[in-house]
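Chemist:
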Amino acid sequence: MQAITGSTDTSITQLRDEAHRLRAEHSELKQRLGDLNGRVYLSPAEELEKKNLQKMKLAKKDRIAFLESNYGL
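Mind the numbering: the sequence shown is residues -2 to 70 in the numbering used here, read in order.
#1: Is it buried or exposed, L26, if we count other Cβ atoms within 10 angstroms and call 16 or more buried?
#2: Is it buried or exposed, K48, if we count other Cβ atoms within 10 angstroms and call 16 or more buried?
#3: Reducing DSSP to helix, strand and coil, say where G31 ends up.
#4: Does the Cβ-Cβ distance between L33 and E43 come in under 8 Å?
#5: Is there a Cβ from chain B that is less than 8 Å from the Cβ of Q28?
#6: Beta-carbon separation of L45 and R29 under 8 Å?
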């Protein structure tokens, strides 16, 4: 019985760590997007970077929402 509890504790700890990491990464992406949005002009490479950052930010936000709704993290 204790092995199951230990495994569950480890899983919950891993999920908490993942949620914490995702929140930090989301914040970094938000900051970088803010920097790009503050510019008057973006080069084509910066436009592409902006689109990719937006997609990554949304994916992290979705995963965070999933963890919060399913595991209460």
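Note that CB positions come from ideal geometry on N, CA and C, so glycine has one too.
Modeler: This is what the structure holds:
#1: buried
#2: Its Cβ having fewer than 16 others within 10 Å, K48 is exposed.
#3: DSSP places G31 in helix when its eight states are reduced to three.
#4: For L33 and E43, yes; Cβs fall inside 8 Å.
#5: The question asks about chain B, but that chain is absent: this structure has only one protein chain.
#6: no
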